[in-house]
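So the structure is just underneath, and the comments pick up after that.
Quick look at the structure:
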């Protein structure tokens, strides 16, 4: 992942870092972009325009209220803008671009950042038997009742895949198991 300011002439917001989690992002999972920097004057609100491109071609754009990405009013000084984007499972792996433009309440451009990143496929490696349901610490009870931990979900998918390979599950059962993960 790399980033650059797209308009060095803007002085209202000086970006200092962009952090992407996870890096690289995984198809079908959320990706979190945190753009940090300093803002010169207090802002009462504004908007954030986001454009995603694949191989240089725009494929998605949206506009959000700035106050959903950070706390408003935004005082002068350090600021962090957080963008969480769920990457659709149909997205192809490859090189992507993200342009984020922050605008003031009057629509004036305050900041612009370009982010280049690669999107990867989910891991297809098998996990050890210690990640299966009911084993390991906690047994999946760390969250709400009936929730399944991430390691346990992996165990379900692996177990279903192994049984499917052995012909023990019908196509309908295999599809139902995949929806669990």
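Numbering (the working numbering), first residue to last: 20 to 200.
Built from N, CA and C at the ideal position, the CB exists for glycine as well.
Exposed or buried, which one is residue i when buried takes at least 16 other CB atoms within 10 Å?
i, result
"residue 139", "exposed"
"residue 65", "buried"
"residue 54", "buried"
"residue 102", "buried"
"residue 44", "buried"
"residue 135", "exposed"
"residue 78", "exposed"
"residue 129", "buried"
Could you check how far apart the C-beta atoms of residue i and residue j are, in whole angstroms? I think they sit under 8 Å.
i, j, result
"residue 116", "residue 72", "4 Å"
"residue 18", "residue 108", "Beyond the ends of the chain as shown, which are 20 and 200, falls residue 18; an answer cannot be given."
"residue 25", "residue 118", "6 Å"
Do residue j and residue i have their beta-carbon atoms positioned less than 8 Å apart in this structure?
i, j, result
"residue 60", "residue 33", "no"
"residue 70", "residue 80", "yes"
"residue 39", "residue 67", "no"
"residue 87", "residue 99", "no"
"residue 22", "residue 120", "no"
Can you tell me whether residue i is helix, strand or coil according to DSSP?
i, result
"residue 86", "helix"
"residue 20", "coil"
"residue 61", "coil"
"residue 130", "strand"
Who are the Cβ neighbours of residue i in its own chain at under 8 Å, not counting the five residues just before and after it?
i, result
"residue 106", "44, 45, 46, 47, 48, 49, 50 and 138"
Whose C-beta lies closer than 7 Å to the C-beta of residue i among residues of the same chain, with five residues either side of it excluded?
i, result
"residue 94", "61"
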